[in-house]
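Some notes on the structure that comes next.
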Amino acid sequence: ATACKAKRTTNSTMVKVWYEPPPYGPRTSLNRPSYGTGNDLGPKWVVRLSKMPPGRVIVPAVCGIVFLASIPLWKQTLPYTLSPEYLAAQRAYMRYHNMNPVWGISSKSGSEDH
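Following this line, the structure appears as structure tokens:
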């Protein structure tokens, strides 16, 4: 049984390995730049936008969307329930029926003496 055992010779040396994180932080690829896809495919303006910092792209995009969404509201008028005549009639109706207001200076939460 001792004749079958071969003498092991090890020529391996221990090597210290230093870990370096990816240059653009965790979960980033080493084979592409920090912004954009790296392929530079598509129109030039899309490539330029994809390589810009996100804050310089998102803020103007949101402002543009808000501006476009507000265009249909420009020519709208207030509903008839907000006209001065309607509000005066509503106040007179509430006074006539002794209604307690939910909010305002004469409501229970708005008055100082609870």
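If you're matching positions, the sequence shown starts at 4 in the working numbering and goes up one per residue. Cβ atoms here follow ideal geometry from the backbone N, Cα and C, with glycine treated the same way.
Original post:
Anyone know if the C-beta pair for Leu52 and Val60 falls short of 8 Å?
Top reply: Here residue 52 is taken as the residue at index 49 of the sequence shown, counted from 1. Here residue 60 is taken as the residue at index 57 of the sequence shown, counted from 1. Result yes, Cβ atoms of Leu52 and Val60 sit closer than 8 Å.
Original post:
Could you give the C-beta distance for Tyr96 and Tyr89, rounded to a whole number, given that I count them as a contact under 8 Å?
Top reply: Here residue 96 is taken as the residue at index 93 of the sequence shown, counted from 1. Here residue 89 is taken as the residue at index 86 of the sequence shown, counted from 1. Not a contact, Cβ separation roughly 10 Å.
Subject >> Euclidean distance between Cα positions of Thr16 and Pro46 >> reply: Numbered from 1 along the sequence shown, position 13 holds the residue referred to as residue 16. Numbered from 1 along the sequence shown, position 43 holds the residue referred to as residue 46. One C-alpha to the other measures close to 53 Å.
Subject >> Host alpha helix (DSSP H) of Ile74 (start-end) >> reply: Position 71 of the sequence shown holds residue 74. Run containing Ile74: none; DSSP gives neither H nor E here.
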